[in-house]
Each structure stands twice: as C-alpha cells, then as structure tokens.
Amino acid sequence: MVDESEVCSRLKTFDITKAAGYDNIPPKVIKLGAESLAGQVTSQIYMCIEICTFPEMLKCAEVMPACKKGDVHDKTSYRPISILPALSKVFGGNIIDQLRPFFRQCIFAIFVWFRKNHNCHDVLIRFFVSGPWIIIAHTERY
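Using the working numbering, you'd call the opening residue of the sequence shown number 81 and step up by one each time.
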C-alpha cells in the first residue's frame with residue numbers, strides 16, 4: 081500500500097523555502113532527516129488509511145494575509161493563505177495516491193478537475209458526445 085521509498089522521496093523533495101506550519105517544524109529539518117523519518121511517517125500514513133481518518137493536527141492551518149498586487153494599504157489587495165504543517169503534504173499526497181485509481185475508474189471518466197492537460201472544454205465535449213440528452217434526441221421525433 082504505502083511504500084517507504086515513496087514517502088522518503090516525498091520528504092526529500094520538500095521546498096525548504098516554505099514556512100513552517102503551526103507545529104514549527106521547518107521543511108528543511110524534515111528534508112535533511114528524510115531517511116530517518118521515512119519509516120515512522122510511512123507507518124503513520126498506513127495507520128491513517130487503515131482507520132480511514134486524516135490526523136486532526138495536520139488539518140490545522142495558520143491563515144495569514146498575503147498581498148496579491150496593488151496598494152499594500154488597500155485591504156482588497158490581500159488574499160488569505162493557509163500555512164499547513166509540512167508533513168500534511170506527505171500524508172495528503174500518499175492518501176491521494178491510494179485514492180487515485182478508484183477516482184480514475186469512477187469519476188475521472190466524467191470530471192476532469194485538477195488533472196493535467198484537461199479543462200472545462202473536455203467536460204463539455206464529453207457531455208455533448210455521450211450525455212443523457214443524446215439518448216433523448218435520438219428517440220424523439222421533431
């Protein structure tokens with residue numbers, strides 16, 4: 081299910097320029113200790129999958145304002161950003177990897193959100209080519 085080498089490679093690819101979450105564990109520390117941490121993190125991910133839950137502590141985020149563009153004194157120039165604990169990306173990524181085959185079979189045939197090289201045009205084409213209205217159009221006479 082969860083491969084320790086995959087977890088280790090995820091830990092090694094951390095962007096060390098990112099901020100630490102509320103747990104105050106800098107991504108640099110996790111990246112440097114990737115090989116030592118991989119076994120324990122893998123077993124925690126496996127346990128989370130077994131009990132069908134995502135750790136509450138990894139859901140907590142610090143929400144901070146970030147200036148988009150424009151005047152820094154104008155409050156409409158800001159958007160909220162959520163700073164999650166660094167390990168939440170590892171947990172989330174591995175759980176998504178476990179769920180992806182299921183979603184690919186059931187849902188991805190219709191929906192294409194967050195998929196590379198897919199957009200809303202793909203959804204519209206699929207709808208018009210194989211949507212339920214096509215059956216009605218072929219059975220009714222005008």
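For every residue, glycine included, the Cβ atom is placed at its ideal position computed from N, Cα and C.
Residues that DSSP places opposite Ser123 in a beta bridge: Per DSSP, none; premise fails for Ser123.
Pairs of beta-carbons, one from the stretch 138-154 and one from the stretch 112-126, closer than 8 Å: are there three or more? Not touching, per the Cβ criterion.
Would you call the CB atoms of Asp103 and Leu167 closer than 9 Å? By the CB criterion at 9 Å, Asp103 and Leu167 fall inside the cutoff.
Between Thr97 and chain E, is there a C-beta pair that is closer than 9 Å? Considering every chain present, this structure includes no chain E. It has just one protein chain.
Given a cut-off of 9 Å, decide if Lys148 and Arg159 are closer than it, judged by their beta-carbon atoms. Yes; because the gap between Cβ atoms is below 9 Å, this pair is in contact.
Taking only the alpha-carbon atoms, compute the straight-line gap between Tyr222 and Phe182 and give it to the nearest angstrom. In this prediction, Tyr222 has a pLDDT of 43, which is less than 50 and means its spatial position is unreliable; what the coordinates show is noted afterwards. The C-alpha of Tyr222 lies about 41 Å from the C-alpha of Phe182.
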